[in-house]
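Engineer:
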Amino acid sequence: MSQSKDTQQPISAVEQPQRMETSDIPLSLVKQPPFWRRHGLTTAKWLLVGAIVASALYLGVDTYLTNAELKRRIEALSSVASSGTATPEQRQEAEGTDESTPPVDALAKYVVSPEMPRIITIEKIGVKARVLQMGINPDGSMQAPIGIYDAGWYANSARPGTTGAAVIDAHSSGPTKLGLFGRLDELVVGDLVHVERGDGSKLAYRVINKES
Numbered sequence: 000m001s002q003s004k005d006t007q008q009p010i011s012a013v014e015q016p017q018r019m020e021t022s023d024i025p026l027s028l029v030k031q032p033p034f035w036r037r038h039g040l041t042t043a044k045w046l047l048v049g050a051i052v053a054s055a056l057y058l059g060v061d062t063y064l065t066n067a068e069l070k071r072r073i074e075a076l077s078s079v080a081s082s083g084t085a086t087p088e089q090r091q092e093a094e095g096t097d098e099s100t101p102p103v104d105a106l107a108k109y110v111v112s113p114e115m116p117r118i119i120t121i122e123k124i125g126v127k128a129r130v131l132q133m134g135i136n137p138d139g140s141m142q143a144p145i146g147i148y149d150a151g152w153y154a155n156s157a158r159p160g161t162t163g164a165a166v167i168d169a170h171s172s173g174p175t176k177l178g179l180f181g182r183l184d185e186l187v188v189g190d191l192v193h194v195e196r197g198d199g200s201k202l203a204y205r206v207i208n209k210e211s
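Its first residue numbered 0, the sequence shown is counted upward by one per residue in numbering that gives the first Met the number 0.
1. From L131 to D138, what does the alpha carbon distance come to, in whole angstroms?
2. With DSSP as the reference, label D104 as helix, strand or coil.
3. What number of angstroms, rounded off, separates the C-alpha of T230 from the C-alpha of R129?
4. What would DSSP say about R196, mapped onto helix, strand or coil?
5. Which class does K176 belong to by DSSP, given the choice of helix, strand or coil?
6. Can you give me the C-alpha to C-alpha distance between S140 and S200, rounded to a whole angstrom?
7. List the DSSP bridge partners of S27.
8. So L26 and V194 are supposed to be a Cβ contact under 8 Å. How far apart are they, rounded?
9. Give the straight-line distance between the Cα atoms of E122 and E88, rounded to the nearest whole angstrom.
10. In chain order, which continuous runs of the alpha helix (DSSP H) of length 4 or greater are located wholly inside the region 83-142?
11. Please state the DSSP three-state secondary structure of L183.
12. Evaluate the contact criterion for the region 100-111 versus the region 177-195: three or more CB pairs, one atom per stretch, below 8 Å.
See the structure below:
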């Protein structure tokens with residue numbers, strides 16, 4: 000959508016102000032909510048009337064059991080999702096459960112089509128990650144990566160550098176660790192976001208607006 004310079008209004012979180020390759024198309028960054036909020040997980044707090052020692056012991060055991068159950072659930076979800084036999088519902092349930100660090104050569108080995116986004120870099124907050132292709136979940140929501148250190152490009156949005164808005168998402172956190180976009184709130188107007196495509200070309204975007 001073209002607009003005059005006098006009336007230009009931002010239509011997404013970031014847009015490209017300069018070119019490493021020609022593009023004046025906006026890019027939207029989406030920070031997925033924390034794991035516990037997406038999956039409805041809560042930790043019950045119990046107040047046991049009695050001696051302080053007994054109360055502390057009870058709460059300690061309760062917390063241990065809660066964490067152990069959460070760990071088993073996370074491991075089961077990640078295992079099913081990575082097996083290649085997961086249903087769409089199981090894959091959605093596993094989003095953001097994998098907290099393992101990608102191999103050191105993950106970026107070098109990651110290959111996509113020339114026109115597709117391959118790597119996103121935000122130097123200010125230490126982001127450099129693969130951009131995986133995402134679709135739609137059974138409930139109609141946009142898919143998110145299973146791993147908390149990967150980014151996802153919504154395949155029904157525009158490819159970076161083409162007409163339309165490109166949408167890239169990542170997790171703010173996993174069950175116990177900060178995710179790829181965990182520090183996204185630290186960005187301010189003027190900060191840069193770089194996207195490298197499969198052909199090696201790079202696009203530079205500048206933050207023009209923040210929404211929470």
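Even for Gly, the Cβ is constructed at its ideal location relative to N, Cα and C.
Structural biologist: This is what the structure gives:
1. One-based indexing of the sequence shown puts residue 131 at position 132. One-based indexing of the sequence shown puts residue 138 at position 139. Each residue's alpha carbon lies about 20 Å from the other.
2. Along the sequence shown, one-based indexing puts residue 104 at 105. The answer is coil: DSSP assigns D104 none of H, G, I, E or B.
3. Because the chain is modelled from 0 through 211, residue 230 falls outside the range shown and cannot be assessed.
4. Position 197 of the sequence shown, counted from the start, is the residue given in the question as residue 196. In this structure, R196 counts as strand in the three-state DSSP scheme.
5. Along the sequence shown, read from residue 1 onward, the residue named residue 176 stands at position 177. The answer is coil: DSSP assigns K176 none of H, G, I, E or B.
6. Here residue 140 refers to the residue found at position 141 when the sequence shown is read from its first residue. Here residue 200 refers to the residue found at position 201 when the sequence shown is read from its first residue. S140 and S200: Cα-Cα distance of roughly 30 Å.
7. Here residue 27 refers to the residue found at position 28 of the sequence shown. BP columns for S27 point to V166.
8. One-based indexing of the sequence shown puts residue 26 at position 27. One-based indexing of the sequence shown puts residue 194 at position 195. About 7 Å separates the two Cβ atoms, so the contact holds.
9. As a working mapping, residue 122 is identified with position 123 in the sequence shown. As a working mapping, residue 88 is identified with position 89 in the sequence shown. Computed Cα separation, rounded: 34 Å.
10. 87-92 and 105-108
11. Counting from 1 along the sequence shown, the entry for residue 183 is found at position 184. Residue state, collapsed to three classes: helix.
12. no
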